[in-house]
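K.L.:
One structure follows; several queries about it will come next.
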Amino acid sequence: MTYWLLKSEPATYGIDDLAAAPDGTDAWDGVRNHQARNFLRAMRVGDRAFFYHSNCRRPAVVGIVEVVREAYPDPTAFDPASPYHDPRADPRRPRWFAVDVRLVERLPRPVTLAELRAEPALEGLLILRRGNRLSVTPVAPAHWAHILAMARRPAP
DNA sequence: GCCAACGTTGGC
DNA sequence: GCCAACGTTGGC
541 MTYWLLKSEP ATYGIDDLAA APDGTDAWDG VRNHQARNFL RAMRVGDRAF
591 FYHSNCRRPA VVGIVEVVRE AYPDPTAFDP ASPYHDPRAD PRRPRWFAVD
641 VRLVERLPRP VTLAELRAEP ALEGLLILRR GNRLSVTPVA PAHWAHILAM
691 ARRPAP
């Protein structure tokens, strides 16, 4: 079992959108970076991931999702109407993949990026690395537990 | 294969 | 809006 962190811009697709989907389940698609794609393909049913809001007023970890379907060819890559359409995508040799995730819970409170940065215990968390832009990253079990503990404490 | 130009991401 | 950090593109 591996823990992950999934990044999304709330203006495009936020935790409210996932909550509004049937069964709180939806495709995590549109990933167009090879390294992130490789992480997506390593996700297994039952793995859990933090839902992280990026590129917004208060970037923060806001919830927990569970992988309910492992990687399959990303349909948006083949859809000319999709903003994620890849003209070079070949259905016989898929390059891009999606997984399905289900919303497990919202955190008791959002844990902001500023808080994460202030925690020495989170040294090495990939999202905190300078210049990191990957939308899918693994999270060490100790980091996972630490962030959960932060979410249960009052906001600083 | 090199690398400059350009586009995107995303925090601030 | 600014800008650093990357990724991609395309000429050579």
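Following the working numbering from start to finish, the first sequence increments by one per residue and tops out at 696. Every residue, glycine too, gets a C-beta built ideally from N, C-alpha and C.
Spatial neighbours of Ala617 within its chain, please: CB distance less than 6 Å, with the 5 preceding and 5 following residues excluded, ordered by chain position.
P.N.:
Within the first sequence, numbered from 1, the residue matching residue 617 stands at position 77. Cβ neighbours of Ala617 within its own chain (closer than 6 Å, five residues either side excluded): Asp626, Ala629, Trp636.
K.L.:
How many whole angstroms separate the CB atoms of Val608 and Thr565, which I take to be in contact at a CB cut-off of 8 Å?
P.N.:
Translated into the one-based positions of the first sequence, residue 608 becomes position 68. Translated into the one-based positions of the first sequence, residue 565 becomes position 25. Yes, Val608 and Thr565 are in contact; Cβ-Cβ is about 6 Å, under 8 Å.
K.L.:
Report the rounded CA-to-CA distance for Ala661 versus Trp544, giving the unit in angstroms.
P.N.:
In the first sequence, counting from the first residue as 1, residue 661 sits at position 121. In the first sequence, counting from the first residue as 1, residue 544 sits at position 4. Their Cα atoms are separated by approximately 17 Å.
K.L.:
Taking buried to mean at least 16 other C-beta atoms within 10 Å of its own C-beta, is Thr677 buried or exposed?
P.N.:
To locate residue 677, count along the first sequence from 1; it is residue 137. With 16 or more other Cβ atoms within 10 Å, it is buried.
K.L.:
Apart from the five residues just before and just after Leu668, which ones in its own chain have a Cβ nearer than 7 Å to its Cβ?
P.N.:
The sequence position of residue 668 within the first sequence is 128, counting from 1. Taken in chain order, the residues that qualify are Leu656, Arg657, Leu662.
K.L.:
Is Gln575 close to the ligand HEM? I mean its beta-carbon at under 7 Å from any heavy atom of the ligand.
P.N.:
The ligand HEM is absent from the structure shown, which contains no ligand whatsoever.
K.L.:
Do Pro634 and Val601 have their C-beta atoms within less than 8 Å of each other?
P.N.:
Numbered from its first residue, the first sequence carries residue 634 at position 94. Numbered from its first residue, the first sequence carries residue 601 at position 61. For Pro634 and Val601, no; Cβs fall outside 8 Å.
K.L.:
Can you have a look at Pro599 and say buried or exposed, based on whether 16 or more other CB atoms are within 10 angstroms of its CB?
P.N.:
If you number the first sequence from 1, residue 599 lands on position 59. Burial call: buried.
K.L.:
Go ahead and label Ala691 buried or exposed: buried means 16 or more other beta carbons lie within 10 angstroms of its beta carbon, across all protein chains shown.
P.N.:
By 1-based counting over the first sequence, the position of residue 691 is 151. The residue is buried, with at least 16 neighbouring Cβ atoms inside 10 Å.
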